[in-house]
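The sequence shown begins at 486 in my numbering and counts up one residue at a time.
Report on the structure given below.
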Amino acid sequence: VIITDTLAAPLTLLSATVDGGVCGNAGIIITCTLPTLPANSAAHVLIDVQPPAHPAQVHNEVVVFAANPEAYLWDNAGSLDNAICPCTDLSLNVTDAPATPYLGDILTFTVSVVNTSTEIATNVYVTNTIPAVSTLITYTTSQGACSYVGTGVACFWGALLPGSSAQLDVAVLPGQTGQMLNTAAVDSYEIDYTPPDNALTNAARVRPAADLVVHERANPGLAVQGSPFTYTVLLSNEGPNNSRFITMTTLLPPTFSFAPALNAEARLNLHLDDPSGAMTFRDSSSYGDDLTCVTQASCPYAGNEGRYGTALNFYGDDYMVGPTGEGLNPGAELTLSLWVKTSSASADRKFLGKGQQGYGYVLGHYQNKLYGQVWDSVGTLYSFQAGNLPANTWLHVALTWKTGGDLVGYINGNEVARVPVGNYPIASTPFAFTVGRAPWSGNTFVGGMDEIMLFRRALSGNEIEALADGVYVSDCRDDDQSGSVVCHLNALAPGQIVASNLHIIPGQLGLFTYTTGATQRTYDRDLTDNATTVRTLVADEADIDLIMDLTYHMIDGSGGTNRVWLLLDGTFVDNDAETGTWETQPDPGRMILQYAPGYKCDAFSTGTFILPGPYLQGVRTCQDGSGIFGLWHGDFITAFQ
């Protein structure tokens, strides 16, 4: 019996033996001979070989035959294929962040590789091909060294021990919206048991960015030296998506000073623009009393569309808590202010409060009405249940308390309840300030909440109305280093408009120019409408002769209303700080106003006094060669002498 085995070329023969016979070789051909092989018996051939020092695929063939004839030859040959390696099993995964990137956001791809085998992987090499329409910002690796290779990043990690992992972070700036494809692959010296998980393409969808527009501003045009005036900037988001971390900066003249607005007085100020999944909700007041959730399961859902920016949604099993100390124990005076969007206001549910039944304060709804309760320091309960709270509508609600005065309730800036109170302050409590349910547990809220504020003062009706109008949604601070007033907003939903009110005190006479610009922490589709420049004439109060509202209509369809300040020196300024001259003529009683050249078509207005009033009406003519004219009407705001 002769057995012939043909070795693959990369193998080196070490030994060959056969039961009851002898073996020899001629190169890669091994021949083993048996004198006889009895019926129904077997012989074993053992061939030991040395594999190569590199991975290889080997093919082995064997044939057996005897000297005497055989009836069946089909089973006299066989073959076997084997992989020669040190083998390992590397597994690759790719993730991206943020979860919802907008154009202008830095997009980070994280490539993670794990050695899931029991063998060490050596010469581990990772490549990451970045999206074609993107710019590489930076890359970091947990081990080894990386370099930029033109289309992406390549890293040599060296060895990866069994069970260990390594990570590559690649940050890029997308150059367009839509799908961004990022491809990563890993290889090593060893053969991998499962090659399909050694490469992966990740797809991240980049959304269009928001377009901020400073589209309107209210400016008095004239200010009195040493007296505060309010400069208002209206900022809108023209979409298509939420804006991101807005900063508005106003560079004031050196002689102007900034007077902090009402929101700077807040003891607690929660914009609730925190990201989805948040368990801590930032207090933007100077006290920094952030609110937190006990567990993720009991946390309201952040990142939903709110009244301004984003808001929290409550589902009846979630709440958050804040400080327990004296800071939110108001004592003699209190104001609670917030926006709510309730799914149903019929049940007794609480928005927020501090204390226990019998002392403290709480605000909520019951029987579709606003429901406020306050206990004073001797346990006397003062409460109201008033107004109308329709479901699924954003409503501004507020409560004020003044010891020795009144407990007052407001809906959308309108007073709905007033209850006289005694001379004892609100009871002090050691319990946590709670949002989303009654502070004593139960009465949980269902719906949305936004812009929660607490003051240790009873705000006036006008101040509550300003809060309801969204006047103080943005946080404005005086930046001592730059000489600017900086206002911050975390987010603005598409179509939303926010007013930022700057209370300014001018310190010097003259005509001053200043600019407000808005930026966001991402790409803006159109930067041409992100700034506005205004002028203000600062005068002495004694120099103002008359104040008049001038309304005009021109034949080309243009028109509008300007407030005009007439000064004793024969000049005037309007609410755009545009200037001109004025005079009166006694016979007949007329007033003539001439804008300075280059503005409002060099408008020349002649009006006749009409009695009783008095008021003015007359003709307005453009003197810029256009030939446009129209009518104007002037109403005196101060008495005409």
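C-beta: ideal position from N, C-alpha, C; glycine also.
Could you please give me the residues that DSSP links to residue i through a beta bridge?
i: T852; result: In the sequence as displayed, the identity of residue 852 is Gln instead of Thr. Q852 is not bridged to any residue.
i: I532; result: A501
i: A689; result: M665
i: S721; result: V698, I982
i: R1105; result: S1090, G1115
i: A651; result: V598
i: I488; result: C517, V549
Which of the three DSSP states, helix, strand or coil, is assigned to residue i?
i: N667; result: strand
i: D1028; result: helix
i: E790; result: strand
i: L952; result: helix
i: G812; result: helix
i: L519; result: coil
i: L994; result: coil
i: G1042; result: coil
i: C1086; result: helix
i: L747; result: helix
i: G637; result: strand
i: G1002; result: strand
i: G946; result: helix
i: L1012; result: helix
i: N754; result: strand
i: D774; result: coil
i: P924; result: coil
i: P905; result: strand
i: L899; result: Note that residue 899 corresponds to Asn in the displayed sequence, not to Leu. N899 falls in the strand class under three-state DSSP.
i: P760; result: coil
i: P680; result: helix
i: G1110; result: coil
i: P659; result: strand
i: N798; result: strand
Can you list, in chain order, the residues of its chain whose CB lies under 6 Å from that of residue i, leaving out five sequence neighbours each side?
i: T668; result: T614, T686
i: G872; result: K854, L855, I896, V901
i: H881; result: W824, N897, A953
i: D964; result: V971
i: P815; result: I911, R941
i: Q1126; result: Note that Q1126 scores a pLDDT of 48, beneath 50, so its modelled location is shaky; the value from the coordinates is reported in the next line. So no residue of the chain qualifies.
Are the beta-carbon atoms of residue i and residue j separated by less than 8 Å?
i: Q981; j: S721; result: yes
i: T595; j: Q535; result: no
i: W824; j: G843; result: no
i: R922; j: T929; result: yes
i: Y867; j: V893; result: no
i: D758; j: E723; result: no
i: V705; j: N1060; result: For clarity, residue 705 is Pro in the given sequence; the question names Val instead. Their beta carbons are under 8 Å apart, which means P705 touches N1060 by this criterion.
i: S770; j: R792; result: no
i: A1062; j: V1019; result: yes
i: P808; j: L797; result: no
i: T603; j: E675; result: no
i: I1122; j: I1032; result: yes
i: V638; j: V655; result: yes
i: I513; j: T489; result: no
i: W559; j: V609; result: no
i: A943; j: E818; result: yes
i: T998; j: T1017; result: no
i: N727; j: A976; result: yes
i: G1092; j: G1065; result: no
i: V543; j: N561; result: no
CB-CB under 7 Å to residue i, same chain, minus the five flanking residues each way: which ones, in chain order?
i: S649; result: N600
i: G505; result: L519, A528
i: T765; result: D775, T777
i: G509; result: T516
i: D682; result: S576, L577
i: D1087; result: Y1080, C1107, Q1108, D1109
i: L522; result: V486, A528
Enumerate in chain order the residues of its own chain whose CB-to-CB distance from residue i is below 8 Å, with the five nearest sequence positions on each side excluded.
i: A708; result: F714, I989, P991, T1021, L1022, V1023, A1024
i: D1009; result: G589, A694, A695, D696, L697, N1015
i: Y800; result: P785, Y786, V931
i: I1040; result: I1113, F1114, G1115
What is the C-beta distance between residue i and residue j, in whole angstroms, given that I count them as a contact (C-beta under 8 Å)?
i: V598; j: V611; result: 6 Å
i: P659; j: S627; result: That belief does not hold up - the Cβ atoms of P659 and S627 are roughly 25 Å apart, past 8 Å.
i: K839; j: T888; result: With a Cβ gap of about 17 Å, K839 and T888 do not count as contacting.
i: A763; j: A787; result: 4 Å
i: V718; j: D1014; result: At roughly 13 Å, the Cβ-Cβ gap does not stay under 8 Å, so V718 and D1014 are not in contact.
i: I532; j: A501; result: 5 Å
i: A630; j: I605; result: About 19 Å; that fails the 8 Å criterion.
i: L492; j: N545; result: 7 Å
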